[in-house]
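Sequential numbering from 1 applies to the sequence shown in the UniProt record's numbering. For glycine and all other residues, C-beta sits at the position ideal for the given N, C-alpha and C. Written below as structure tokens is the structure these notes are about.
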Amino acid sequence: MRKVCAAVIVYNGKVLLTKRASGEQHGGFWEFPGGKCEPGERLRQCLIREIREELSIDIMPEHVIAQTRVGDFFIHFFKCRYLHGTITLTVHDAFYWYSPHDTIRTSKILSSNHDALAAIRPYCKQV
């Protein structure tokens with residue numbers, strides 16, 4: 001089973017979602033950014049590397065808030081702190097700072113991300 005890490009990046013009471021590129025599998029759907037671990041790579045190292053590659057920002061993974069299995073993949077969702085950098089998209093079509101109180105876009109979030117989406121409420125500000 002392959003290990004995958006996803007970043008639930010919290011900043012100013014919202015969390016970062018990225019939109020999968022239209023030409024990719026599940027293109028047009030929103031997700032928490034991340035990727036597959038390399039052989040021998042630790043989960044937190046993987047997440048830091050993937051976010052630097054995909055978004056050009058630095059994060060600090062804190063702890064796992066959700067886990068799920070999808071086919072041959074086991075996804076670990078980490079609550080992360082946004083440290084610094086300006087988001088530059090390299091593999092996604094868009095990004096969005098999401099609040100769990102937003103009703104827009106929730107129908108287009110990958111189903112594998114739903115448990116993490118439910119787990120973020122305590123970390124987000126009330127509107």
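Comparing alpha carbon positions, the residue from Gly13, Glu31 and Tyr98 closest to His114 is Glu31. Residue environment: Ser112 is assigned as buried (16 or more neighbouring CB atoms within 10 Å of its CB, all protein chains considered). Out of Val4, Ala6 and Gly13, the CA that lies nearest to the CA of Cys124 is found in Gly13. Straight through space, the alpha carbons of Tyr98 and Ile51 are spaced by roughly 17 Å.
Residue range Lys14 to Arg20 is occupied by the beta strand (DSSP E) that includes Leu16, with no alpha helix (DSSP H) assigned at that position. Membership of Leu83 in the beta strand (DSSP E) is indicated by the continuous run Phe73 to His84.
About 21 Å separates the Cβ atoms of Leu43 and His92, ruling out a contact at the 8 Å cut-off. Rounded to the nearest whole angstrom, the CA to CA distance from Pro33 to Thr90 is 12 Å. When rounded, the separation of the alpha-carbon atoms in Tyr11 and Tyr96 is 12 Å. Annotated three-state conformation of Gln25 is coil, per DSSP.
Taking C-beta separations shorter than 8 Å and ignoring five residues to either side along the sequence, the partners of Arg2 in its chain run Lys36, Cys37, Asp72, Phe73 and Phe74, following chain order.
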